[in-house]
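J.:
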Amino acid sequence: MEPDLNALAVFALVAEERSFRAAAVRLGVTRSAVSQTIRRLEERLEIALVLRTTRSVSLTEAGERLYERIAPAVADMRVALERTEALKGRPRGRLRLAVSSIAERFLSGPFLADFLQENPEVDLDITVTDEDFDIVAEGYDAGVRLGEVIAQDMIAVSVAGDERQLAVCAPSYIDRRGMPSHPAELASHSCIGWRPSPKSAPYRWEFAEGGKEFSVAVGPKVATNDMALMIKLAVAGAGITFGMEESFRPWIERGELVPVLEDYCPFFAGFYLYYPSRRNAAPKLRALVDHVRNSGRGYR
161 MEPDLNALAV FALVAEERSF RAAAVRLGVT RSAVSQTIRR LEERLEIALV LRTTRSVSLT
221 EAGERLYERI APAVADMRVA LERTEALKGR PRGRLRLAVS SIAERFLSGP FLADFLQENP
281 EVDLDITVTD EDFDIVAEGY DAGVRLGEVI AQDMIAVSVA GDERQLAVCA PSYIDRRGMP
341 SHPAELASHS CIGWRPSPKS APYRWEFAEG GKEFSVAVGP KVATNDMALM IKLAVAGAGI
401 TFGMEESFRP WIERGELVPV LEDYCPFFAG FYLYYPSRRN AAPKLRALVD HVRNSGRGYR
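All you need for my numbering is the position in the sequence shown, starting with 1, plus 160.
#1: Got a sec, what are the start and stop residues for the alpha helix (DSSP H) Val170 sits in?
#2: On the DSSP letters alone, give me the boundaries of the beta strand (DSSP E) that Glu323 sits inside.
#3: Do you know how far the Cα of Val239 is from the Cα of Phe402?
#4: Can you list the beta strand (DSSP E) stretches of 3 or more residues lying completely in the segment 223–279, in chain order?
#5: Buried or exposed for Gly269, going by 16 or more other Cβ atoms inside 10 Å?
#6: Ignoring anything shorter than 4 residues, give me the alpha helix (DSSP H) runs that lie fully in the segment 332–419, in order along the chain.
#7: Using the beta-carbon count (16 or more within 10 Å), is Gly370 buried or exposed?
#8: Just the C-alpha distance for Leu284 and Leu257, rounded to the nearest angstrom, thanks.
#9: Would you be able to state if there are at least three C-beta pairs under 8 Å between the segment 390–408 and the segment 276–283?
#10: Measure the CB-CB distance between Ala184 and Val174 and report whether it falls below 7 Å.
#11: Are the segment 312–325 and the segment 257–266 in contact at 8 Å, needing three or more beta carbon pairs?
#12: Taking the C-alpha atoms as reference points, what is the distance between Ala383 and Arg252?
#13: At the level of alpha carbons, what is the spacing between Arg336 and Asp386?
#14: Measuring CB to CB, does Phe427 end up less than 7 Å from Arg324?
#15: Take Lys381 and list the residues in its own chain whose beta-carbon comes closer than 8 Å to its own, dropping the five residues that flank it on each side.
#16: With respect to the beta strand (DSSP E) encompassing Ala316, which residues constitute its N-terminal and C-terminal limits?
#17: Looking only at its own chain, which residues have a Cβ that is under 8 Å from the Cβ of Arg453, when we skip the five neighbours before and after it?
#18: So, under 8 Å CB-CB, Leu448 and Ala302 are touching, yes? Tell me the CB distance rounded to an integer number of Å.
#19: If you draw a straight line from the alpha carbon of Glu196 to that of Leu211, how long is it in whole angstroms?
#20: In whole angstroms, what separates the C-alpha of Leu417 from that of Gly338?
#21: Could you please give the first and the last residue of the uninterrupted alpha helix (DSSP H) stretch that includes Val482?
#22: At the level of alpha carbons, what is the spacing between Arg409 and Leu226?
#23: Hey, would you say Leu326 sits closer than 7 Å to Val378, going by beta carbons?
#24: With DSSP as the reference, please indicate the residues paired to Val304 in a beta bridge.
#25: So, helix, strand or coil for Arg215, using DSSP?
#26: Look at Ala330 and Val395 and say whether their C-beta atoms are less than 7 Å apart.
#27: Taking the DSSP output, what are the residues bridged to Thr287?
#28: Per DSSP, what kind of secondary structure is Val282 in: helix, strand or coil?
#29: If we define contact as Cβ-Cβ less than 7 Å, is Tyr333 a contact residue for chain B?
#30: Just verifying my parser: in three-state terms, what is the DSSP assignment at Val296?
#31: Give every residue of the same chain whose Cβ lies closer than 6 Å to the Cβ of Tyr459, excluding the five residues on either side of it in the sequence, and list them in chain order.
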């Protein structure tokens, strides 16, 4: 039997995503087109590969075995196509990025708009996420995270200079509750904390004193995964919140938020664009790396 390489590639995507809809989005086609391709493949092989329900997609035993055998070959074909595309010499195609939600400078409108203007044949597919995962395994070209959490086998390019986390609150809160003089006093204040997901504990606030780092579990009055909500509540006087100084800068400059405990908030290495160590990176990725390196600190 002559293999239908297109159908096998579609099947591999469905197996990776466990979703017809997600596979269709990655392929840029309709969900119906993906479903029909899988159905024709099953009819040709005379065996069911996928179990479909209204809520989920899973593989049959035959589907699992087929995917296990073809997945490495499909991955090799993708790399081969990327390297072939690289020989064309100009940036083009879809660039998939996983970016931390607090990488303010990278996510700024002017920074990304200028990149797109310089590279009109590149399309950006950006997932803003704070989840910790392997960008290679998930099919991303690159990511943007704090340097301290990037794996050592990645190539990393600084997006900005040193940054720091800062505690801030509204002037009205200080008028009402007073200014804490040490992080240990935060336990007696109303705090607005961040957590990455509903099942995660609130993030411990990190400080330094006398060159030694320490963290404080503030027991937040409000915990959320939405920085925008944290800022709104802080501006409204609901309490003290904590995050990247860059995130708070516009409100600090307008006087709506004021820094708290600045002496205990040291600077550290900021955000980096990181990507796998490949000798022949695609032109679209090289173009982004060059844009990051050439941009300096001109974006806010």
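For glycine and all other residues, C-beta sits at the position ideal for the given N, C-alpha and C.
T.: Quick answer:
#1: 165–177 is the extent of the alpha helix (DSSP H) around Val170.
#2: From DSSP, the beta strand (DSSP E) with Glu323 extends over 323–329.
#3: Rounded to the nearest whole angstrom, the CA to CA distance from Phe402 to Val239 is 42 Å.
#4: Counting whole runs of 3 or more residues, the segment 223–279 contains the beta strand (DSSP E) stretches 253–259.
#5: Burial call: exposed.
#6: Runs found: 387–395, 405–413.
#7: It is exposed - the Cβ of Gly370 has fewer than 16 other Cβ atoms within 10 Å.
#8: Straight-line Cα distance between these residues: approximately 8 Å.
#9: With the cut-off at 8 Å, the segment 276–283 and the segment 390–408 do not touch.
#10: Between Ala184 and Val174, the C-beta spacing is not below 7 Å.
#11: The count of Cβ pairs closer than 8 Å, one atom from the segment 312–325 and one from the segment 257–266, reaches three, so the stretches are in contact.
#12: In this structure, the alpha-carbon of Ala383 lies about 41 Å from that of Arg252.
#13: About 25 Å.
#14: Yes, Cβ-Cβ distance for Phe427 and Arg324 is below 7 Å.
#15: Around Lys381: Ser350, Cys351, Ile352, Ala398, Gly399.
#16: Residue range 314–318 is occupied by the beta strand (DSSP E) that includes Ala316.
#17: Cβ-Cβ distances below 8 Å link Arg453 to Val317 in the same chain, with the five nearest sequence neighbours on each side left out; the list follows chain order.
#18: About 7 Å separates the beta carbon of Leu448 from that of Ala302, a gap short enough to meet the 8 Å contact definition.
#19: According to the sequence as given, residue 196 is Gln; it is not Glu. Taking the straight line from one Cα to the other gives about 14 Å.
#20: Whole-angstrom Cα-Cα distance: 14 Å.
#21: A question about residue 482 goes unanswered here, because the residues of the chain that appear run from 161 up to 460.
#22: For Arg409 and Leu226, the distance between alpha carbons rounds to 53 Å.
#23: Contact: no.
#24: Val304 pairs with Val259, Leu433.
#25: If DSSP states are grouped into helix, strand and coil, Arg215 belongs with coil.
#26: Result yes, Cβ atoms of Ala330 and Val395 sit closer than 7 Å.
#27: Beta-bridge pairing links Thr287 to Ala258.
#28: In the structure shown, Val282 sits in a strand (DSSP, three-state: E or B).
#29: Judged by its chain identifiers, the structure shown contains no chain B, having just a single protein chain.
#30: Val296: coil per DSSP, three-state reduction.
#31: Because the pLDDT at Tyr459 is just 46, under 50, the model does not fix this residue reliably, and the value given afterwards should be weighed accordingly. Result list for Tyr459: Arg265, Ser268, Pro270, Phe271, in chain order.
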